[in-house]
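Student: Sharing a structure below in structure tokens format, with a few things to ask.
In my numbering, the protein residues as written are -10 to 681.
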């Protein structure tokens, strides 16, 4: 058995109906061998030299090769860490373009490219029996009439979901399907999502991952999934294993089922680093294929990796071939898997040049011009831990960004009474000081109170301190600056007064989030009162701590959250598509007015008063739409608000979730730590002078 030359494109392994073409980028390699394995990937059957190399791509064609073939690569070249080269043909390597991965990294020392304790010495151990392998995939799929929902940005409500955590304990998911893609597609799950009213699922990472050795030695795992090793392969741990299905087909079935409900799916993707971690980590793929190509190495010591991610290494998208890998992966997930967008973990790392982060970096420019990717949702986590890594507001037009300033300000307002009303207003109004430039819209600000990383909403009002002992780091890990408040008791309590205060604060925070301008994001579980018992860094907890407890779900909170979402959809004033300017609306009122509790426009003194934490916000609307009035009282006592002249109807009072819609008088008493929403039909209120 031999290989013919084949072609250097497309990259990866592709079956053309007659055989398989293999193509691997490794420009610094001296030789590459294709290794074929038995169906289980345990025994190496054949080793074939790749016969050709063109433009740094090693390629060969296996006549009569067929889908299902299991393979890996051995790559030869210098083992010279001091110049960034770590070739070791004793290690079988995973194809970066693998669409299905066999095997799992179990933390074995056989994956190390160096001798333990002797980093300058190549490790002679042959790891063929335990290495990760790729399997050639050819899976045509009938998408039928599936089409992307294409939810408008101004209508978008994000919902951050963990595939396993959401479904593992769900009573409406059959036991064999819990924790799987198929579980997420079950009618009971989709019914709930539709009734809640969210428009876009943001799935925590679903690329094939490998758990860090350190975690495995503590019997933990990288539950969140931020340790990718296969950028084209769906994570196999979320496959139910149903007969007649594959991990790819089950993922596609899930996508199609979610789309049928009009809901989008955005993937959280981790292209900033890989599971190979630092110089002491395992050699699974990229490190052994061409270390100096794929990774940012320290200029003064290429044996070490730059670590702007905090995860041991950084992929180098300034290299055209690495950029190609990422772009090919993104297009694959859109074209072949029908996802609707991406949330880029530690996004500044992807746009670093020799001078640091650049909003015109090649990666960002490539996305903007790509005919497939330019029209999907692009979301940035706008920080990494490298120099100049905090880049909130600096991504190009069309991007959305997680706004941590919104998170911190709203937590401070409701739980600490710390920010000025001016700071509160800026964040409420989509952070125009951050995003109003280069044609960007209010939707660019992704407003959130909680996310996977940090306290849940219930824990935010139940704990003053983090309780991360289960993570095995003596509670050293996780954020210290949580801006939380336990309402008088740390953690669980049966004190009815404390429990009611916590419940009321959760409702006030949710109302603030869903009535703010910008794009709201909810953390799945916050709508049912999920607690992680004070763990604010539960990345390694694949257990009931993170699995949503549907049996004890707070159904009243879920219904209240759904009502807030429905009101946001019903009233355009709550989701303004353009920046506020104070411009007069058709009814003679400004598009927004900021008022004191006495009904007067806020002056400079009031804006900067750090002793008052109550404000009225009148949101104007077009002639055919109702205007909205928000009364927000974060103080510890009730506040009497004078309402603008007009006929106002009260729709929401977070202190009274059972409130029935009713007409309000000239004044309204807002209970402590509460939000009230009122609306007025066109022409039923008086003009109020705008105060910026």
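Ideal Cβ placement from N, Cα and C applies to all residues, glycine included.
This one's a predicted model, so the numbers in the text were calculated from it and none came from an experiment.
Taking just the CA atoms, how far does residue 350 sit from residue 545?
Tutor: Your numbering for residue 545 matches position 556 in the chain shown. Your numbering for residue 350 matches position 361 in the chain shown. Taking the straight line from one Cα to the other gives about 47 Å.
Student: Identify which residue in 527, 431, 270, 387 has its Cα closest to the Cα of residue 104.
Tutor: Position 115 of the chain shown, counted from the start, is the residue given in the question as residue 104. Here the closest residue by C-alpha is 270.
Student: Spatial neighbours of residue 661 within its chain, please: CB distance less than 7 Å, with the 5 preceding and 5 following residues excluded, ordered by chain position.
Tutor: By one-based count along the chain shown, residue 661 stands at place 672. The answer, listed in chain order, is 622, 624, 625, 626, 627.
Student: Under a Cβ-count criterion, where at least 16 other Cβ atoms within 10 Å of its own Cβ denotes burial, should residue 85 be classed as buried or exposed?
Tutor: Numbered from its first residue, the chain shown carries residue 85 at position 96. The residue is buried, with at least 16 neighbouring Cβ atoms inside 10 Å.
Student: In the stretch 540 to 628, which residue ranges form an unbroken alpha helix (DSSP H) of at least 4 residues, counting only runs that do not cross its ends?
Tutor: Here the runs fully enclosed are 544 to 559, 593 to 596.
Student: According to DSSP, simplified to helix, strand and coil, what is residue 79?
Tutor: The residue given as residue 79 occupies position 90 in the chain shown. Coil at residue 79, not helix or strand.
Student: If you draw a straight line from the alpha carbon of residue 214 to that of residue 646, how long is it in whole angstroms?
Tutor: To locate residue 214, count along the chain shown from 1; it is residue 225. To locate residue 646, count along the chain shown from 1; it is residue 657. For residue 214 and residue 646, the distance between alpha carbons rounds to 37 Å.
Student: Nearest-angstrom Cα distance between residue 52 and residue 92?
Tutor: Within the chain shown, residue 52 is the residue found at index 63, counting from 1. Within the chain shown, residue 92 is the residue found at index 103, counting from 1. Those two C-alpha atoms are separated by around 26 Å.
Student: Less than 6 Å between C-beta atoms, sequence neighbours within five positions excluded: which residues of the same chain meet that for residue 670?
Tutor: Working through the chain shown from its first residue, we reach residue 670 at position 681. If we look at residue 670 and ignore the five residues flanking it on each side, its Cβ neighbours are 615.
Student: Could you tell me the distance, in whole angstroms, from the CA atom of residue 145 to the CA atom of residue 505?
Tutor: To locate residue 145, count along the chain shown from 1; it is residue 156. To locate residue 505, count along the chain shown from 1; it is residue 516. Distance between the alpha carbons of residue 145 and residue 505 is about 13 Å.
Student: Give me, in chain order, the residues of the same chain whose beta-carbon lies closer than 7 Å to that of residue 66; leave out the 5 immediate sequence neighbours on both sides.
Tutor: In the chain shown, residue 66 corresponds to position 77, counting from 1. Within the same chain, residue 66 has close Cβ partners 17, 18, 19, 74, 76.
Student: Go ahead and label residue 650 buried or exposed: buried means 16 or more other beta carbons lie within 10 angstroms of its beta carbon, across all protein chains shown.
Tutor: Locating residue 650 in the chain shown gives position 661, counting from the first residue. Residue 650 is exposed by the Cβ-count criterion.
Student: On a CA-only basis, which of 112, 353, 4 is nearest residue 56? Give me that one, please.
Tutor: As a first step, residue 56 is located in the chain shown; it is residue number 67 there, counting from the start. With distances taken between Cα atoms, residue 56 lies closest to 4.
Student: Please report how far the alpha carbon of residue 570 lies from the alpha carbon of residue 131, in whole angstroms.
Tutor: Sequence index remark: in the chain shown, residue 570 carries index 581 (1-based). Sequence index remark: in the chain shown, residue 131 carries index 142 (1-based). Approximately 49 Å, taken between the alpha carbons.
Student: Looking at residue 149: is its Cβ nearer than 8 Å to the Cβ of residue 399?
Tutor: As a first step, residue 149 is located in the chain shown; it is residue number 160 there, counting from the start. As a first step, residue 399 is located in the chain shown; it is residue number 410 there, counting from the start. Going by C-beta atoms, residue 149 is not nearer than 8 Å to residue 399.
Student: Per DSSP, residue 48 forms a beta bridge with which residues?
Tutor: Here the question's residue 48 lines up with position 59 in the chain shown. Residue 48 is bridged to 12, 41.
Student: Which whole-angstrom value is the C-beta distance of residue 604 and residue 583, which I expect to be below 8 Å?
Tutor: In the chain shown, the residue the question calls residue 604 occupies position 615. In the chain shown, the residue the question calls residue 583 occupies position 594. Going by Cβ atoms, the distance from residue 604 to residue 583 rounds to 6 Å, so yes, they are a contact pair.
Student: Expressed to the nearest angstrom, what Euclidean distance is found between the alpha-carbon atoms of residue 179 and residue 526?
Tutor: For the purposes of this step, residue 179 is identified with residue 190 of the chain shown, where counting begins at 1. For the purposes of this step, residue 526 is identified with residue 537 of the chain shown, where counting begins at 1. Taking the straight line from one Cα to the other gives about 28 Å.
Student: Please confirm if the stretch 377 to 387 is in contact with the stretch 306 to 326, defined as three or more CB-CB distances below 8 Å between the two stretches.
Tutor: The answer is no - the stretch 306 to 326 does not touch the stretch 377 to 387, with fewer than three Cβ pairs under 8 Å.
Student: Put residue 500 into one of helix, strand or coil per three-state DSSP.
Tutor: Stepping through the chain shown from its first residue, residue 500 is reached at position 511. It is helical.
Student: Tell me residue 342's beta-bridge partners as DSSP assigns them.
Tutor: Working through the chain shown from its first residue, we reach residue 342 at position 353. Answer is 345.
Student: Answer with buried or exposed for residue 458, where buried requires no fewer than 16 other C-beta atoms within 10 angstroms of its C-beta.
Tutor: On the chain shown, position 469 is the one that residue 458 refers to. With fewer than 16 Cβ atoms within 10 Å of its Cβ, residue 458 is classed as exposed.
Student: For residue 340, count neighbouring Cβ atoms within 10 angstroms of its own Cβ and tell me buried if that reaches 16, exposed if not.
Tutor: As a first step, residue 340 must be located in the chain shown, where it is residue number 351. Burial call: buried.
Student: Where do the ends of the beta strand (DSSP E) carrying residue 291 lie?
Tutor: Translated into positions along the chain shown, residue 291 becomes position 302. From DSSP, the beta strand (DSSP E) with residue 291 extends over 290 to 294.
Student: Note down, in chain order, each residue of its chain lying with its Cβ closer than 8 Å to the Cβ of residue 272, except the 5 sequence neighbours on either side.
Tutor: Taking the first residue of the chain shown as 1, we reach residue 272 at position 283. Cβ within range, chain order: 75, 77, 80, 82, 100, 101, 102, 265.
Student: Using 10 angstroms around the beta-carbon of residue 491, count the other beta-carbons present and answer buried if the total reaches 16, otherwise exposed.
Tutor: The residue labelled residue 491 in the question sits at position 502 within the chain shown. Residue 491 is buried by the Cβ-count criterion.
Student: Using C-beta distances below 6 Å, list every residue in its chain close to residue 40, excluding the 5 sequence neighbours before and after it, in chain order.
Tutor: Residue numbering aside, residue 40 sits at position 51 when the chain shown is read from its first letter. The answer, listed in chain order, is -8, -6, 49.
Student: Kindly indicate which residue of 152, 664, 587, 413 has the alpha-carbon position closest to the one of residue 599.
Tutor: What you label residue 599 is simply residue 610 of the chain shown in a count that begins at 1. Nearest option by C-alpha distance: 413.
Student: Residues bridged to residue 366 by DSSP?
Tutor: The residue given as residue 366 occupies position 377 in the chain shown. Answer is 330, bridged to residue 366.
Student: Return yes when the Cβ of residue 535 is within less than 8 Å of the Cβ of residue 154, no when it is not.
Tutor: Indexing the chain shown from 1 puts residue 154 at position 165. Indexing the chain shown from 1 puts residue 535 at position 546. Cβ distance < 8 Å, so residue 154 and residue 535 count as in contact.
Student: Could you pull out every residue in the same chain whose Cβ sits closer than 7 Å to the Cβ of residue 8, ignoring the five residues on either side in sequence?
Tutor: As a working mapping, residue 8 is identified with position 19 in the chain shown. For residue 8, where only same-chain residues beyond five positions count, the Cβ hits under 7 Å are 50, 51, 52, 53, 54.
Student: Would residue 14 and residue 58 qualify as a contact pair, given that the criterion is a beta-carbon distance under 8 Å?
Tutor: To locate residue 14, count along the chain shown from 1; it is residue 25. To locate residue 58, count along the chain shown from 1; it is residue 69. Not closer than 8 Å, so no.
Student: Whole angstroms are fine: how far does the CA of residue 235 sit from the CA of residue 393?
Tutor: Position 404 of the chain shown holds residue 393. Position 246 of the chain shown holds residue 235. Cα-Cα distance, rounded: 38 Å.
Student: According to DSSP, which residues form a beta bridge with residue 153?
Tutor: The residue you call residue 153 lines up with position 164 of the chain shown. Looking at the DSSP assignment, residue 153 forms no beta bridge with any residue, so it has no partner.
Student: Just grab the DSSP bridge partners of residue 24 for me.
Tutor: In the chain shown, the residue the question calls residue 24 occupies position 35. According to DSSP, which records beta bridges pairwise, residue 24 is partnered with 36, 61.
Student: Is the CB-CB distance between residue 433 and residue 389 below 8 Å?
Tutor: In the chain shown, residue 433 corresponds to position 444, counting from 1. In the chain shown, residue 389 corresponds to position 400, counting from 1. Cβ distance < 8 Å, so residue 433 and residue 389 count as in contact.
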